[in-house]
Structures are given as structure tokens and as C-alpha cells.
């Protein structure tokens, strides 16, 4: 297996390519391509193992980028799976009003929790529903209700 290419090797490769491109531009006017081409490519030849290392590094980075992109898409998809409720459905008609009586508090909270689980409703939706069901003395347990 070849050794990984360093940034210094890549910089040298890039400079070699740039200088070759400059020379090709300067030699574009000449029609004689015999000895000049051989000499130009001999002096600016690039080690094939270096090119192979660069291509392997590019391939590795591309595959790594694809994996990271797939993970990002999966995370975004997970976030969008929760229901977004813009209108409150009438699923909660069976939740009774709560007046603050200690004897009924546990049953009332259990009914809220069971409806939330049954319909897979978000917590903030259930808190608002509970607030609207407070009456009499319990009405003062929650400010601004």
C-alpha cells in the first residue's frame, strides 16, 4: 500500500502542474514539437506514485464526505418525523376539567399522560391543554390562565 500524501507533496505537485501549464502556453506558438516536447515532459514529469496517492486521497475524501452527508440527511429526517400540529385537534374532549381537588389530581394527570401517549402529542401541546382545563381554585395554580 502506498504512503499517504502530505500537504507538502501536494503543493509540489500543484507547482509542477502550474509550471507545465505556463510552459505549454509559452510554447504554443512553436510548430516544432519534436525535441522540445521530449525535453519539456522530461523536466516536468510527475512521479506516478505521487499521482496515485493524490487520487487515493481524493477518493477517500469523497467517500468520507458521502458518509457524512448521509448521516446529516438521516439526522434531518429524524427531526422531521415528529408531528407538527398547527391546529389543535379535538382529541382531548375526554379530558375533564380540573378544579384543584387533591383526590382527583392523580387520575387527572394520568388521563393527560395516557392521551399524550395514545396520540403521540408533543409535550408543549399537552401543557397548553392542561392549562385550558383548569377551573375554580386550580385556575390560580397556573399564572395567566
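Residue numbers (the UniProt record's numbering): 1 to 145.
Quick reminder that beta carbons are idealized off the backbone N, C-alpha and C, glycines included.
None of these values were measured; they are calculated from a predicted model.
Quick check on residue i: does DSSP put it in helix, strand or coil?
i: residue 121; result: coil
Buried or exposed: residue i, going by 16 or more other Cβ atoms within 10 Å of its Cβ?
i: residue 121; result: buried
i: residue 14; result: exposed
i: residue 77; result: exposed
Rounded to whole angstroms, how far is the Cβ of residue i from the Cβ of residue j, which I believe are closer than 8 angstroms?
i: residue 108; j: residue 96; result: 7 angstroms
Got a sec: does the ligand HEM put a non-hydrogen atom nearer than 7 angstroms to the Cβ of residue i?
i: residue 113; result: Ligands in the displayed structure: none, and consequently the ligand HEM is not present.
Using a Cβ distance threshold of 8 angstroms, determine whether the stretch 98-114 contacts the stretch 128-136, with at least three qualifying pairs required. Contact holds: three or more Cβ-Cβ distances are below 8 angstroms.
Alpha helix (DSSP H) runs wholly inside the stretch 44-78, at least 4 long, in chain order: DSSP runs (the alpha helix (DSSP H)) wholly in the stretch 44-78: none.
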